[in-house]
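Take 0 as the starting number for the sequence shown in numbering that gives the first Met the number 0 and just add one per residue.
We put the beta carbon where it would ideally sit given N, CA and C, even for glycine.
It should be emphasised that the depicted structure is a prediction, and the values quoted were computed from it without experimental measurement.
Notes follow once the structure below has been shown.
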Amino acid sequence: MKKQIVLLIQILLLVFLAGCASMQDSIYRFGIDRERSKSDLVLKTIDVEGETVAYLEREGKGETVVLLHGFTADKNNWLRFVRYLPETYHVLAIDMPGHGDNVQDVTKSYDPVSLSRGVGKTVSAIGMKRFHIAGNSLGGLVSKIYASEHPEKVITLGLFDSAGVTSPTPSEFRIALEKGENPFVVKTRDDYDRLGEYAFHDEPFLPWPVHSVMARKYISRNDFNQKMFADLKSSIVFSDESAQRELLAGLKMPVFVIWGDKDRLLHVSSVEIYKKELPMVETVILENCGHLPMLEQPEESAMHYAEFIGKHPEP
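Pasting the structure below:
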């Protein structure tokens with residue numbers, strides 16, 4: 000009888016916890032929907048060669064801005080940033096292949112070149128001919144590759160703490176990798192919190208239960224994320240400095256670089272590489288900001304970016 004009571008308590012506890020997770024997910028989705036609505040962004044999908052690709056769109060009568068998120072992130076990273084872009088711009092925030100709401104296929108490679116081609120197919124399917132493109136972290140590297148291969152389609156290139164150059168001063172993330180530690184390995188809630196400490200300097204307010212839901216997502220996706228990270232590391236532009244310089248040399252459009260001075264993932268000294276390799280580049284360094292300026296300082300980063308693309312309209 001005692002064992003039956005213990006078993007019943009365990010079953011009730013599991014049911015309660017499952018209900019809590021379901022409730023958290025519902026509250027999280029409500030919060031995301033509210034943030035999207037405040038930025039006039041609408042969730043849409045499109046079929047791209049038999050796969051459903053998710054993206055956010057804000058209508059606008061002016062030029063188009065395509066925004067790409069970073070590694071393991073998704074289109075929602077741009078929600079608050081878009082709110083501060085002039086309403087004339089037509090905005091697309093796209094889930095890159097293997098990320099966000101898109102399919103996870105272990106048989107495919109998610110190296111930066113493959114991601115760039117996937118993004119290219121998506122913007123073509125949506126019908127975009129010429130646009131500004133900007134990306135954060137891995138999304139910045141993917142944007143650089145796309146811009147170098149399709150200069151006729153890119154008005155300007157925006158790089159937000161972009162991957163794809165080897166900083167003169169190694170970042171804490173790079174040092175960790177050299178020691179055999181990868182902050183992107185997320186198997187526990189503590190791992191998730193540690194990754195957040197790398198990504199943010201002054202983390203913006205995120206209401207309950209955002210962190211709980213995101214931690215569960217990261218933990219559930221960890222194996223696939225490590226597969227994608229292996230694909231990223233296999234790319235020559237991940238660590239080969241000559242390949243990185245060659246990629247920069249192929250950028251013929253106006254380039255904007257913005258960086259948080261407290262970035263622990265990609266060191267701010269990376270900006271010096273861009274200044275050296277791209278003499279006409281425009282750079283901004285945000286004080287007391289980490290790896291995600293569009294989340295930590297959305298208004299200021301959007302203001303700088305809008306000012307830049309405003310100076311370089313479609314000819």
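Query	Result
Short check: CB of HIS98 to CB of ASP73, under 8 Å?	yes
Considering only residues of the same chain and omitting the five flanking positions on each side of PHE130, which have a CB-CB separation below 6 Å?	THR63, VAL65
Tell me which same chain residues have a C-beta within less than 7 Å of the C-beta of GLN103, skipping the five on either side of it?	GLY97, PHE223
Only counting the same chain, and skipping five residues up and downstream in sequence, which positions put a Cβ closer than 7 Å to that of ILE284?	TRP258, ASP260, VAL267, VAL270
Are at least three pairs of beta-carbons, each pair with one atom in the stretch 136–144 and one in the stretch 155–162, less than 8 Å apart?	yes
Would you verify that the beta carbon of LEU91 is, or is not, closer than 8 Å to some beta carbon of chain B?	Looking for chain B here will not work: only one protein chain is present.
Could you give the C-beta distance for LEU40 and ARG28, rounded to a whole number, given that I count them as a contact under 8 Å?	With a Cβ gap of about 15 Å, LEU40 and ARG28 do not count as contacting.
Does THR44 pass the burial test, meaning 16 or more other C-beta atoms within 10 Å, or should it be called exposed?	exposed
Name the DSSP beta bridge partners of VAL52, please?	ILE45
Let me check understanding here. Comparing Cα to Cα, which of ARG188, ALA214, LEU247, VAL184 lies closest to PRO150?	LEU247
Using the rule of at least 16 other Cβ atoms within 10 Å of the residue's Cβ for burial, across every protein chain shown, is PHE204 buried or exposed?	exposed
So, under 8 Å CB-CB, TYR197 and ARG263 are touching, yes? Tell me the CB distance rounded to an integer number of Å.	5 Å
What does DSSP give as the partner residue(s) for HIS89 in the beta ladder?	THR63
Does the stretch 178–185 come close enough to the stretch 271–283 that 3 or more CB-CB pairs lie under 8 Å?	no
Between which two residues does the beta strand (DSSP E) carrying ILE301 extend?	The residue you asked about is not Ile; residue 301 is Ala in the sequence shown. ALA301 -> not in any beta strand (DSSP E); alpha helix (DSSP H) instead, spanning 297–309.
Using the Cα positions of LYS251 and GLU240, report the straight-line distance between them to the nearest angstrom.	19 Å
Rounded C-beta distance between GLU86 and GLY49? I'm assuming under 8 Å.	Actually they do not touch by this definition, with Cβ atoms about 35 Å apart.
Shortest alpha-carbon distance to ARG82 belongs to which of SER38, ASN75, PRO111, ALA124?	SER38
Would you grab the beta carbon distance between GLY163 and GLN243 for me? Rounded to a whole angstrom, and I think it's under 8 Å.	6 Å
What number of angstroms, rounded off, separates the C-alpha of LYS232 from the C-alpha of LYS226?	10 Å
Hey, how far is the Cα of LEU78 from the Cα of ILE93?	12 Å
Going by the CB atoms, is the gap between TYR145 and SER115 shorter than 8 Å?	yes
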